[in-house]
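In the working numbering, the protein residues as written are 4 to 586.
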């Protein structure tokens, strides 16, 4: 690797050629603050918070986009640099709604943190006109409050560059510039797919999920309701971050304890219905292969991806698996099989799901998601909302003892756990499909399909399964999905089975996960650290294949009969809509 020699704050360094000053400083243990910069997503040097002095330069330069060169001398903390950063922050504050006490991001706001670090107060130095905007609450999953927007354009870059959706951008110019949709349409009127990647990119409280915790508190306080909660596979690998624990810490036991302390009647694991999804999806794949069905079969677990397909690839809607997502399957099973078994009126059951995904809020309200004549899922919370409930209840999360999920729907396999990582659904399905098609048993080594693991945006593999050479592909992040589907549509690629997750890296990096600041996001592989916790749990569980789950066997023996049965289709499968780009 070619390197260059530079000095930062008088300290000699040798760093890779092509590094920016920001990257070089970080490698030396020096943090240069940023507001607009997100690595590989939003590298525009617009906010001017990251300015530094470079010897010989006529003015301060933006370190996030300024490349190092041989002999460069940099000062990151001179009086001129600090003065410039403070001035920039004061100008931002002059048009910023400073209602920090009631802001959802208070204490977790990058603007707030920078003001504290640099000693910036609301001095009123630049008081004057301040534009005022109405909240956009039109979308089912989130709101936009432009009164708190600092025009960093991170959300715009996430929507366009990561997700290839591009329904938001800067409108008007100069003092009146604001982020919005084309022709000032409300977000709910556009082809937004509800993925929430704009929210986790936002440094302030301008964007947030719709808060449904009030509905949960009300249900828990209603003696006539049976309130059942289930948690998605990835939540155990991320919830701890909301309480200062290291990234990738598995907090499953503490999470279950906290949910019981909040007052839920039953605490179940969505991993169970992930196993159920595999039973139905693997069967669907086998049926399509044997009977000449529509291929490739494409997974339907990610509601952001499903909505993207409906809007942008309606010609491929028939390729989608008809299986409901694990969230919806769980609610459907609770209000049919479990309700009958326990003698509970489904109308008295409130199913609460804790998900990594803001699109789950949209999914819960979709048509054809009411197996018992009432919605399968009543309330979908994000990881962040659960963390706020735990805080509000005064629960000291890090000090909690571990507990286990309730029986019977707390029993799951390693295949269900790895659903939370990109490639996990594919691997789980392959474990079941291979054993079913070949009538052989996979051992601990042969059941691990490493070709579909990892955080790359697109992965391909082929496996010899009996007489069939099964070609598979995995994509995460909708820009990658768009590329993959375009290749399929144009005949440049051919597969039997495709897994797509809306969020880069899968559910572990979902739009409802704990928000990490740019100083962490830019230099830490959140996706890999969080996914590692799920793969570690998979290796340690007694059952690692969905069809080995004893409760899954019981549910089929006593209720559904077999995967793909008429009753299974009534309860566990759904339909889709070919949407236009706008309603």
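For each residue, glycine too, the CB sits at the ideal point set by N, CA and C.
Nothing here was measured: the structure is a model prediction, and the numbers come from that model.
| message | Since residue 158 and residue 201 should fall inside the 8 Å C-beta cutoff, what is the C-beta to C-beta distance between them, to a whole number of angstroms? | response | The beta-carbon distance between residue 158 and residue 201, rounded to whole angstroms, is 4 Å. This is short enough to meet the 8 Å contact definition.
Exercise for the section: Give the range of the beta strand (DSSP E) segment to which residue 559 is assigned. Expected result: It is not in any beta strand (DSSP E) - residue 559 carries neither H nor E in the DSSP assignment.
task = Buried or exposed for residue 85, please, with buried defined as at least 16 other CB atoms from any protein chain shown within 10 angstroms of its CB.
result = exposed
message: I'd like the list of long-range same chain contacts for residue 463, defined as Cβ closer than 6 Å, with 5 residues on each side in sequence excluded.
response: Around residue 463: 476.
Original post:
My guess is that residue 424 and residue 534 are in contact by the Cβ rule of under 8 Å, so how many angstroms apart are they, rounded?
Top reply: 4 Å
Assuming residue 52 and residue 31 are in contact, meaning their beta carbons sit under 8 Å apart, how far apart are those beta carbons, in whole angstroms?
Rounded, the Cβ-Cβ distance is 19 Å, inconsistent with contact.
For a test of the three-state rule: what should DSSP assign to residue 282, helix, strand or coil?
helix
* To do: Return the residue from the list 294, 283, 272, 212 that minimises the CA-CA distance to residue 420.
  => 272
Report task. Return the CA-CA distance between residue 308 and residue 206, expressed in angstroms with no decimal places. Result -> 25 Å
message = Since residue 232 and residue 262 should fall inside the 8 Å C-beta cutoff, what is the C-beta to C-beta distance between them, to a whole number of angstroms?
response = 6 Å
Per DSSP, residue 355 is paired with what?
-> 232, 382
Should residue 271 be flagged as near chain B, meaning a C-beta pair shorter than 7 Å? No chain B appears in the structure shown, which is made up of a single protein chain.
**Message:** Within 8 Å, do at least three Cβ pairs link the segment 386-396 to the segment 236-253?
**Reply:** At 8 Å Cβ cutoff, the stretches touch.
message: My output table needs one value for residue 350: the three-state DSSP class, helix, strand or coil.
response: helix
Quiz prompt | Residues near residue 474 by beta carbon distance below 7 Å, same chain, minus five either side | solution = 465, 497, 498, 499
Alpha carbon of residue 359 to alpha carbon of residue 9, nearest angstrom: 42 Å
Expressed to the nearest angstrom, what Euclidean distance is found between the alpha-carbon atoms of residue 55 and residue 181? 28 Å
key: Top-ranked residue by Cα proximity to residue 187, from 521, 199, 170   = Checking every option, the nearest Cα to that of residue 187 belongs to 170.
Per the contact definition of three or more C-beta pairs closer than 8 Å, is the segment 135-155 in contact with the segment 249-259? no
| Of the residues 4, 327, 467, 458, which one's Cα is nearest the Cα of residue 279? | 327
Inter-residue Cα distance where the pair is residue 585 and residue 194 | Any reading at residue 585 needs caution, since the residue's pLDDT is 46, under 50, leaving its predicted position unreliable; the model's value is listed next. Roughly 6 Å between the two C-alpha positions.
By Cβ distance below 6 Å, which residues in the same chain neighbour residue 426 in space, the five residues on each side in sequence not counted?
-> The answer, listed in chain order, is 455, 456, 477.
Rounded C-beta distance between residue 235 and residue 357? I'm assuming under 8 Å. About 6 Å separates the beta carbons of residue 235 and residue 357, which is inside the 8 Å limit, making them a contact pair.
Opening and closing residue of the alpha helix (DSSP H) in which residue 522 lies = 521-524
inquiry  = Checking 7 Å against the spacing of the C-beta atoms, do residue 167 and residue 521 come in under that value?
reply    = no
(Q) Closest to residue 561 by C-alpha separation, out of 343, 59, 268, 316, would be which residue? (A) 343
Exercise. Can you have a look at residue 449 and say buried or exposed, based on whether 16 or more other CB atoms are within 10 angstroms of its CB?
Key: Residue 449 counts as exposed, since fewer than 16 other beta carbons sit within 10 angstroms of its beta carbon.
From residue 565 to residue 403, what does the alpha carbon distance come to, in whole angstroms? 40 Å
Given residue 213 as reference, the closest of 77, 365, 113, 298 once Cα atoms are compared: Selected option, being the one with the closest Cα: 365.
field: Cβ neighbour criterion (16 or more within 10 Å) applied to residue 129
entry: exposed
- Enclosing alpha helix (DSSP H) for residue 314 [first to last residue]: 306-315
Problem set entry | Minimum length 3: unbroken beta strand (DSSP E) runs contained in the segment 31-98 | The beta strand (DSSP E) runs of length 3 or more contained entirely in the segment 31-98 are, from start to end of the chain, 54-57, 76-78.
- List the whole-angstrom C-beta distance separating residue 511 from residue 530, where the pair is believed to meet the contact cut-off of C-beta under 8 Å. 6 Å
Residue(s) in a DSSP beta bridge with residue 472:
Answer is 467.
Item to complete: Determine the contact status of residue 42 and residue 552, defining contact as a CB-CB distance below 7 Å.
Response: no
| request: Grab the span of the beta strand (DSSP E) containing residue 146 for me, first residue to last. | output: 145-147
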